[in-house]
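Residue numbers (the numbering used here), protein chains in the order written: chain Y, 1 to 111; chain Z, 112 to 222. Beta carbons are placed, not taken as given, at the ideal position from N, Cα and C, and that holds for glycine. Note that the coordinates shown come from a computational prediction; the quantities given were computed from them, not determined experimentally. The structure under discussion appears below in the form of structure tokens.
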């Protein structure tokens, strides 16, 4: 959970950075923009993330209202993480990172 | 300095995240998009950053080619950090974070 000062800084970039300004949260957002994911899928896909960091990241993102956690009453119970409407509204940020990364990779290749 | 695998991951979002995927680098970029800054100015502006983390961040960003470090031969020498052309090309990413933050803040205010 963010403190009030962290959630409501003066600068709008800092506001966004407070919610998704780290490597793992950005990569989790990238994945959830495609479809809902289960914990173990994310853990397998995000190479190098520990269970604790993934758990903490997902809990913070849920508390911040950018992802939802849905438990399906199956045996064993299935838990899925998905973007909330607020999280979905961050799509342009991830798209601009994707576009920049594509241009950068194309440039590196042509060097 | 990034390893080859970190600099050239398959996913373009991961490529971008490897270069600026953390709180302080994003906030440094935000500042340098306006004008060149001196070390002490940045240190004063980025509340809570340690000298070591600021130094390390600037060195990595310089090694990654997104910022430049210019020493002006004055007494005492003046050192300024500025965006390189590559760093400047990240402007749309920061702009999308700014836009999202502005919308988020406006929404919070109206609640």
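{"Asked": "Selection from Z:150, Z:183, Z:182, Z:156 that minimises the alpha carbon distance to residue 167 (chain Z)", "Found": "Z:150"}
{"Asked": "Exposed unless 16 or more other CB atoms sit within 10 angstroms - verdict on residue 98 (chain Y)", "Found": "buried"}
{"Asked": "Continuous beta strand (DSSP E) stretch holding residue 182 (chain Z): start and end", "Found": "178 to 183"}
{"Asked": "DSSP three-state assignment for residue 222 (chain Z), whether helix, strand or coil", "Found": "coil"}
{"Asked": "Helix, strand or coil at residue 145 (chain Z) according to DSSP, with G and I counted as helix", "Found": "coil"}
{"Asked": "Pick from Z:164, Z:134, Z:129, Z:145 that is closest to residue 202 (chain Z), judged by C-alpha positions", "Found": "Z:145"}
{"Asked": "Spatial distance of residue 45 (chain Y) from residue 67 (chain Y) (CA atoms)", "Found": "18 Å"}
{"Asked": "Interface flag, residue 30 (chain Y) vs chain Z, CB-CB below 8 Å", "Found": "yes"}
{"Asked": "is_contact[residue 181 (chain Z), chain Y] using C-beta, thresh 8 Å", "Found": "no"}
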